[in-house]
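Visitor: Residue numbers (full-length UniProt numbering): 1 to 361.
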C-alpha cells in the first residue's frame, strides 16, 4: 500500500523549498523503498532549486543519503529488507558497452526507479539525481542501494553518496594521484576538501588548497593540505608554481566549476600534468582556451563524474577506512538539522558557513 511521508519539495525556480506530503508507492520490479536515516545538504540540491540542472519542477530534493531498506520488489537479490545502505545515483545496467568491457564505473545506461513518487494531489515529482532523499522514505532502483557495514554512522555514511565520493574519487580514480605527487585543489567546499583527503590517502607529497575563504582553507589544513593559498589576495597560478619549484602541480583538481577557476587549474599544472574538473558548471558557462596551449602543454584534461566511482566497490572500501580510523568522515559534518531546516541550511551553505549540514530523521 502506498505510504504518505514528509519530504522537501522545490515547486518553482528560485523559491524557498517547502515540506510537503509525499506519496511513496510500493516497490515494483527491481525497485526498493528505503527508510532514510540521514541526508546531506549538497550544493547540487540548491542547483535543482535554482533551475541549474533542468526545469522538471516540482523536485523532491535530497540525494546524499543512507538508510534502511524497508521493502523490495520482485527480482531484487542484492539487497533485502533490514539492510543498511548508502544511496547512489548511478545504478549500473550491466549490459551497455562500458559494462560489457568491464568498466561499469562508466556505465552509459544508469537508471532510477521506474515509478514516480507524487504529491498528495497526484502531481509527479522529479527526484534529485533519481533519489529524492529529503524525505522520511524514498523509492529508488534497487541498484541504487549499496550495502555497507551498519556500524558506520548514517550521517557519515550518507556523505559517500555524493560529495565525499566525488572529491575522493576525483583524486584517486580520475586524477590517479600517487605516492610523491604534487596536487593542487581549487575550491575547498565539501567536494574540494574531500579531494584533499583523497590526495592524502593516495600518498601525495604536497597538497595545495586554494580558496578565497580563510575558513575553508583552515578546514583544508585539518583535512591534510600541506599548503594553502588565498586566491583573494594572491594569484593562485603563481602561488602554486612557487610552491612546486616553478613547475606547477602534477594534478590540479578544479572543484568550483567556473571558467575562470578552470583556466587557473589549466595553467597551474606541470607540463604533461593532469587537470580534473569535478566542480559542476551551469549550462550557460563557456570555456575559452588557446588551442595551441592545450596542445603544447600535453598531459590530460579530465572530467570526473561522481568521482568515476563504482559504488559497490568504493562505498564499502571507504566505510572500512572510516571504521579503521583512517578516514574521518565525521569531520565533514558541520551540523545536524531537521527536515524543516533545509531552506535555512541552503542559506548557510551559500555563505560558506558550513562544510555539510546533515538532515537526521
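Just so you know, even glycine gets a beta-carbon here, dropped at the ideal spot from N, CA and C.
Tell me whether the stretch 180-191 and the stretch 259-269 touch, counting them as touching only if at least three CB pairs, one residue from each stretch, are closer than 8 Å.
Guide: yes
Visitor: State the start and end residues of the unbroken beta strand (DSSP E) segment that holds residue 168.
Guide: In the chain shown, residue 168 corresponds to position 168, counting from 1. No beta strand (DSSP E) holds residue 168; the alpha helix (DSSP H) holding it covers 163-169.
Visitor: Can you list, in chain order, the residues of its chain whose CB lies under 7 Å from that of residue 202, leaving out five sequence neighbours each side?
Guide: As a working mapping, residue 202 is identified with position 202 in the chain shown. Same-chain partners within the cutoff: 171, 172, 177 and 178.
Visitor: Mind pulling the beta strand (DSSP E) runs of 3 or more residues that sit fully within the stretch 235-294?
Guide: 249-254 and 269-277
Visitor: Do you know offhand how far residue 299's Cα is from residue 257's?
Guide: In the chain shown, residue 299 corresponds to position 299, counting from 1. In the chain shown, residue 257 corresponds to position 257, counting from 1. If I take the Cα positions, the gap works out to 20 Å.
Visitor: Please give the ranges of any beta strand (DSSP E) in the stretch 171-230, keeping only runs that are unbroken, at least 3 residues long and fully inside the region.
Guide: 182-186, 206-211 and 227-230
Visitor: Classify residue 63: buried if its beta carbon has 16 or more other beta carbons within 10 angstroms, exposed otherwise.
Guide: Start at 1 with the first residue of the chain shown, and residue 63 comes out as number 63. Label assigned to residue 63: buried.
Visitor: In three-state terms, what does DSSP make of residue 63?
Guide: To locate residue 63, count along the chain shown from 1; it is residue 63. DSSP places residue 63 in coil when its eight states are reduced to three.
Visitor: Does any residue of chain C bring its CB to less than 9 Å from the CB of residue 257?
Guide: Considering every chain present, this structure includes no chain C. It has just one protein chain.
Visitor: Identify the continuous alpha helix (DSSP H) that holds residue 99 and give its terminal residues.
Guide: Along the chain shown, read from residue 1 onward, the residue named residue 99 stands at position 99. Note, residue 99: alpha helix (DSSP H), 97-100.
Visitor: If we require 3 or more residues per run, which beta strand (DSSP E) segments fall completely within the stretch 108-145?
Guide: 137-141
Visitor: Would you call residue 285 buried or exposed, if buried means 16 or more other Cβ atoms sit within 10 Å of its Cβ?
Guide: Along the chain shown, one-based indexing puts residue 285 at 285. The residue in question, residue 285, is exposed, as its Cβ has fewer than 16 Cβ neighbours within 10 Å.
Visitor: On the three-state DSSP scale, how would you describe residue 51?
Guide: Reading the chain shown from its first residue, position 51 is the one you call residue 51. Looking at residue 51 - three-state DSSP - the assignment turns out to be coil, as it is neither helix nor strand.
Visitor: Quick one: Cα of residue 345 to Cα of residue 10, how far?
Guide: The residue you call residue 345 lines up with position 345 of the chain shown. The residue you call residue 10 lines up with position 10 of the chain shown. Straight-line Cα distance between these residues: approximately 14 Å.
Visitor: With a threshold of 7 Å on Cβ separation, who are the neighbours of residue 212 within its own chain once the five nearest residues in sequence on each side are excluded?
Guide: Here residue 212 corresponds to residue number 212 of the chain shown, with the count starting at 1. Same-chain partners within the cutoff: 230, 231 and 232.
Visitor: Look at the alpha carbon of residue 118 and the alpha carbon of residue 140, and state the distance between them as a whole number of angstroms.
Guide: For the purposes of this step, residue 118 is taken as the residue at position 118 of the chain shown. For the purposes of this step, residue 140 is taken as the residue at position 140 of the chain shown. Distance between the alpha carbons of residue 118 and residue 140 is about 14 Å.
Visitor: If I'm right that residue 209 touches residue 228 with Cβ under 8 Å, what's the distance once you round it to whole angstroms?
Guide: By 1-based counting over the chain shown, the position of residue 209 is 209. By 1-based counting over the chain shown, the position of residue 228 is 228. Indeed, because the Cβ distance is near 5 Å, the residues count as touching under 8 Å.
Visitor: Is the beta carbon of residue 333 less than 9 Å from the beta carbon of residue 307?
Guide: Your numbering for residue 333 matches position 333 in the chain shown. Your numbering for residue 307 matches position 307 in the chain shown. Not closer than 9 Å, so no.
Visitor: How long is the line joining the alpha carbons of residue 321 and residue 156, rounded to whole angstroms?
Guide: The sequence position of residue 321 within the chain shown is 321, counting from 1. The sequence position of residue 156 within the chain shown is 156, counting from 1. Residue 156 has its alpha-carbon roughly 12 Å from the corresponding atom of residue 321.
Visitor: When the Cα atoms are used, what is the spatial distance from residue 175 to residue 85?
Guide: The residue labelled residue 175 in the question sits at position 175 within the chain shown. The residue labelled residue 85 in the question sits at position 85 within the chain shown. Spanning the alpha carbons of residue 175 and residue 85 requires a straight line of approximately 27 Å.
Visitor: Residue 150 to residue 74, Cα distance in whole Å?
Guide: Position 150 of the chain shown, counted from the first residue, corresponds to residue 150. Position 74 of the chain shown, counted from the first residue, corresponds to residue 74. Straight-line Cα distance between these residues: approximately 24 Å.
Visitor: What three-state label does DSSP hand residue 301 in the structure shown?
Guide: Counting from 1 along the chain shown, the entry for residue 301 is found at position 301. Three-state DSSP puts residue 301 in a strand.
Visitor: Rounded to whole angstroms, what's the CA-CA distance from residue 82 to residue 61? Just pull it up for me.
Guide: Residue 82 sits at position 82 when you count from the first residue of the chain shown. Residue 61 sits at position 61 when you count from the first residue of the chain shown. Approximately 24 Å between the Cα atoms of the pair.
Visitor: Would you mind reading off the limits of the alpha helix (DSSP H) that contains residue 94?
Guide: Numbered from its first residue, the chain shown carries residue 94 at position 94. No alpha helix (DSSP H) holds residue 94; DSSP gives it neither H nor E.
Visitor: Using the C-alpha atoms, what's the distance from residue 265 back to residue 280?
Guide: In the chain shown, counting from the first residue as 1, residue 280 sits at position 280. In the chain shown, counting from the first residue as 1, residue 265 sits at position 265. Residue 280 and residue 265: Cα-Cα distance of roughly 15 Å.
Visitor: Quick one, are the C-beta atoms of residue 142 and residue 72 less than 9 Å apart?
Guide: Sequence index remark: in the chain shown, residue 142 carries index 142 (1-based). Sequence index remark: in the chain shown, residue 72 carries index 72 (1-based). Yes. Within cutoff.
Visitor: For the alpha helix (DSSP H) that residue 18 lies in, which residues bound it at each end?
Guide: Counting from one through the chain shown, the residue named residue 18 turns up at place 18. Looking at the DSSP string, residue 18 is not in any alpha helix (DSSP H); the run it does join, the beta strand (DSSP E), is 18-24.
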